[in-house]
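Accompanying notes for the structure given below.
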Amino acid sequence: MSLDVLLGLTAVANRRAVPRASQCHVHLSGRPFVVVGYHVPGDPGSPLGILCGDRRDQPRVIAAGEPRDYDERWRTLTEFALNLNGYLGRYAMPTPPSRQGRSPARARPVIPQLVVPNADTAQWLCQELGLLLRYLQPERDPRISPALPVAGAHLSFFDQQRVPGASLVLAMTEVLAQHWKTGQLPSMDSNLASQLAWIRRPDTILEAENALPAGPVPDPEWERKTYTRSTKVFNQLRGVAGRPADAVREASDTVWEALEPAWKAVWESLDAVDELPEAEHVDERARGDEMQWHRHAERVRGNRAYFRRRPRQLQVFRYLNRLERLTGNLDRQMALDDPQIMARHVASGDALSGTVVKVLPEGTGRQGRRQPRPIMHIRPDLPFARPLGTHLWLHCAVETSRAGNPVRPTVELEVTGLDADGIVELTVVSNAIKREHHRRLPLPDTRQVFAPFEPPTFRPDAIPDVLPWTHREPEAD
Amino acid sequence: MPTDPRAAHTAAIDQVWRLLDAGAQAVIVNSPPGAGKSTLVRATARRMAGSHGQIPIITQTNEQADDLTRDLLEDLRDSPIRAGRLHADKYTPPVGVTASTDIDELNECDIVVAPAAKWGFVRADHRWELGIVDEAYQVSSVDLAKFAARFDALLLVGDPGQLSPFTTADEGAIRSTGSWPLETAAGTVLGTYPDTPVVPLPVSWRLPPSGAGIVSDAFYSRAFTAGSDHGERGLRLPLGAIRDSVDEVLRVAERYGWCLAQLPDAQLPRTDPQAVATIANIAHRLLSSKARIQDGKELRNLYPRDIAIGVTHRDQQALVRAAADTVCESLDLAPGSIVVDTANKLQGRQFEVVIAWHPLSGRRDASAFHLEAGRLCVLASRHRQACIVVTRDGVRQQLDAYPHTEPVWIGAATPEVDGWEANHRFLDGLNQFAVSVDA
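So the protein lines, in turn, are chains A and B.
Position 451 of the first sequence, counting from 1, maps to 451 under my numbering, and the rest follow consecutively.
Position 310 of the second sequence, counting from 1, maps to 1310 under my numbering, and the rest follow consecutively.
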């Protein structure tokens, strides 16, 4: 049975979320830019109100006094854009890349991080607002601030970086679901308040289920009653000379009241994941994010941050390759870092976990090779049902390479036998055949996990530079 | 169209060759299961090898390339035409085959076989007049893009009813780009050149008439027929009383070539232990009842290797394999004598009798994965004599109750056969052969 089903049932029985991971698998920047917001239902281009900023105790409250009014709409969007651009500006200057890999105590990667309550908000900001803002032309329309297309380019960049393992954008419901299993239906996990209650305060689950939504679409009842009242105030006061700030204040207060719980929930869920120790590979993935960010910042500086409305075929092909690679990488790295995640692979039968019964470094001597292959006998914890010939990998302890760098060798093994008592015979295929490498073999009576994770190989993808005659670009829109 | 199956088949092949000789840039051959697709690929390669220079054959996997090369060598034993196998550095090709990792070392060969991934890495200045793509409905648009520029013309041969290319990445993220890089190679070419000639092979030589009718109706937009006549083939059981429902299952399969063995309706995890036990019982009874198979005039015993059990998931495979091995043990057979595999792995193989575990059996949710018609089609079209489908009752209600929540994507081509419809039509066809099995 899938381990997740068991965890879900346990969570229901205890009425409390169960950890799915024992480590934190996302990079947490010390100063994330948190955004919670509402837009007019059906019109992602018109925000009603946004709380944003990198200061937990002092969010910036941006409210539209009258979202149907064009000037108000551009004013709101511009205010958000200026805040976002200001935050990102602090990360735009490249810190001179310290020779990577040389010093053992490298500084933590420094990346800007956009944190939102849920995937829908991420999609609204990055994909929809990004698309709307990036093509705006301030030179043609005086109402358009030059900050808008810049923010659009940034948001579109963040949209492209919503890929497995990347930490530039965090949708907290997804992050929480990665680390805890609640007893609700998966679709209900998109409600940050109730998900957080399952994890931190199970006695408040019912209350949390009825809380106002964390965006991006407001509660219709709230919108009809509370928000409409503040627009009325705005429309009365806006005509009065010298009081534009007063006119919006009512709307600001309303928005603050509605979104403050979501704002707090985002920060609290960041606390929750931060309490877990950081997994080993998180740093490596964040370094990838750092590189992507600086590449983008460079393009913005050179005014070359152009995003196609619809990507070209070859770009989609490369994107598919990249996504497949990242998906595999994340799966593999999370399992290797975190025994609790590896347990899922053991439970599904893909990985073999068990006690080493016997190690024959010289093999059985029957193979007639000059360099015989070491053989191990494993008593599995669960019956092992993969066929003979299955390849598994043992990830060894850190060693120092000849050049003096820390490396983690992987021993490749093949399942070569399965006896009636369920003992599995593994034969080394590579990386522990030479005598000097026999120390990589585990000792008898130790418990080991042999995982189906081949170390990643770096090879070109053979995607051509020009689309061949068999293909054509999709029609322009 | 000629009504004689052999003449119809020959006419289709002649049409393909005429089109190629006339200089068509792309020709697509739609081949139903067991319609002689591989034979067509080999025969075309042999025929074109003289007139079109060296003929490369592009397969999907290394195993397919090995099988094809082996069969080619068999065909060419008394012929001056030479076939070779191009492969990647890390791969060891079978012994006795002219093979190399470098295309330049295979200049002597008139036909060169390699998987799509390898053709993509051949240096770009190599050009061929004609390339033959085997399994063109499993090769994806991305893979096609990697090698297509090296060929002036392509013959794409494949089975449109089988499983399509899939990805481990998040499908929604890819779909939202507005194009679908996992479109099939044949579909890609058709999208670019809608006038590309599509030649259907009209006859399935593998499926018996009973099988061809239902499979063609449910899963194919272009109908095909069986190459054999009613009664020419089949499972033959010795006379005897029907003691229980398993006996009845075998009788129905003997008589009609199909049987829908139905367990009582229940919603269960996908490792439904009663389904496993039922499958094992049926396999045991097949082997212990002295069943024979008829093939035209020939009548021979049914051996374990003639039987395959098809499942959907790997955990199902593990459980059924364990159960099947227990069956083998009780009959003094070596474990593994009966093939147990997932639909993906059974693709392209054939057996005398197939026991198929219905992908929707006992499920609470019919997701897009299970509704993919290709999976069921593969399971239902591997047999030469009879197919026994094991399922929980209630699949139809499940299909009806399941809402369409899959998003609709811009730029996505509509599938030729709708999975939901195909599932229903398949059950419609099989309903008359239903036998209730006690849990």
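Backbone N, C-alpha and C fix where the C-beta goes; we use that ideal spot for every residue, glycine too.
- Looking at the DSSP output, Tyr38 of chain A sits in a beta bridge with A:Gly49.
- DSSP places Phe1224 of chain B outside both helix and strand once states are collapsed to three, so it counts as coil.
- When secondary structure is reduced to three states using DSSP, Ile1174 of chain B falls in the helix class.
- Annotation for Cys52 of chain A: Val35, Arg60, Asn83 place their beta carbon closer than 6 angstroms to its own, counting only its chain and skipping 5 residues before and after.
- If you draw a straight line from the Cα of Asp1110 of chain B to the Cα of Asp1004 of chain B, it comes to about 34 angstroms.
- As summarised for the segment 1179-1255 of chain B, the continuous alpha helix (DSSP H) elements at least 4 residues long and confined to that stretch are 1185-1192, 1209-1219, given in chain order.
- Around the C-beta of Asn303 of chain A, fewer than 16 other C-beta atoms lie within 10 Å, and the residue is accordingly described as exposed.
- The straight-line gap separating the alpha-carbon atoms of Pro1202 of chain B and Ala1035 of chain B is approximately 8 angstroms.
- One alpha carbon belongs to Val40 of chain A, the other to Ala1153 of chain B, and they sit about 54 angstroms apart.
- Three or more Cβ pairs drawn from the segment 1190-1206 of chain B and the segment 1025-1035 of chain B lie within less than 8 angstroms of each other, which places the two stretches in contact.
- Under the three-state reduction of DSSP output, Lys181 of chain A falls in the strand class.
- When C-beta atoms of the segment 419-428 of chain A are compared with those of the segment 1076-1083 of chain B, fewer than three pairs fall below 8 angstroms, so the two segments do not count as touching.
- DSSP places Glu1129 of chain B within a strand segment (E or B) once states are collapsed to three.
- Arg60 of chain A carries a strand assignment under DSSP once its states are collapsed to helix, strand and coil.
- The Cβ atoms of Gln161 of chain A and Asp274 of chain A lie no closer than 8 angstroms to each other.
- Rounded to the nearest whole angstrom, the C-alpha separation of Asp338 of chain A and Pro1415 of chain B is 41 angstroms.
- Taking Thr410 of chain A as the centre and dropping the five residues before and after it, the same chain places the C-beta of Trp393, His395, Pro455 closer than 6 angstroms to its C-beta, in chain order.
- By the neighbour-count criterion, in which a residue is buried when 16 or more other Cβ atoms sit within 10 angstroms of its Cβ, Arg1382 of chain B is buried.
- With fewer than 16 other Cβ atoms from the protein chains shown falling within 10 Å of its own Cβ, His1126 of chain B counts as exposed.
- The closest CA to that of Ala251 of chain A, considering only A:Met93, A:Leu48, A:Gly354, A:Tyr306, is found on A:Leu48.
- Any Cβ of chain B closer than 8 angstroms to the Cβ of Tyr87 of chain A would place that residue at the interface, and such an atom is absent.
- According to DSSP, Val398 of chain A shares a beta bridge with no other residue.
- Under the three-state reduction of DSSP, Asn191 of chain A is assigned to coil, being neither helix nor strand.
- Taken atom to atom, the span from the alpha-carbon of His1424 of chain B to that of Gly8 of chain A is near 33 angstroms.
- Nearest Cα to Thr1405 of chain B within the set B:Ile1282, B:Leu1155, B:Asp1365: B:Asp1365.
- Interface criterion not met: the Cβ of Gly354 of chain A is under 8 angstroms from no Cβ in chain B.
- For Ile1279 of chain B, the enclosing alpha helix (DSSP H) begins and ends at 1273-1288.
- Taken in chain order, the complete beta strand (DSSP E) segments of 3 or more residues contained in the segment 1307-1348 of chain B are 1307-1311, 1339-1342.
- Annotation: Gly65 of chain A to Glu221 of chain A spans about 18 angstroms, alpha carbon to alpha carbon.
- Chain-ordered, the chain B residues with CB closer than 9 angstroms to the CB of Ile463 of chain A read Gly1120, Val1142, Ala1145, Lys1146.
- Ala1088 of chain B has its alpha-carbon roughly 13 angstroms from the corresponding atom of Asp1066 of chain B.
- By the Cβ neighbour-count rule, Met93 of chain A is exposed, with fewer than 16 other Cβ atoms within 10 Å of its own.
- Here DSSP, grouped into helix, strand and coil, assigns Val1390 of chain B to strand.
- Pro1200 of chain B and Val1029 of chain B have their C-alpha atoms some 6 angstroms from each other.
- Only residues of its own chain outside the window of five on either side were considered, and among them Arg1082 have a CB closer than 7 angstroms to the CB of Glu1108 of chain B, listed in chain order.
- Against chain A, a Cβ distance below 8 angstroms from Arg1349 of chain B picks out nothing, because the smallest value is about 16 angstroms.
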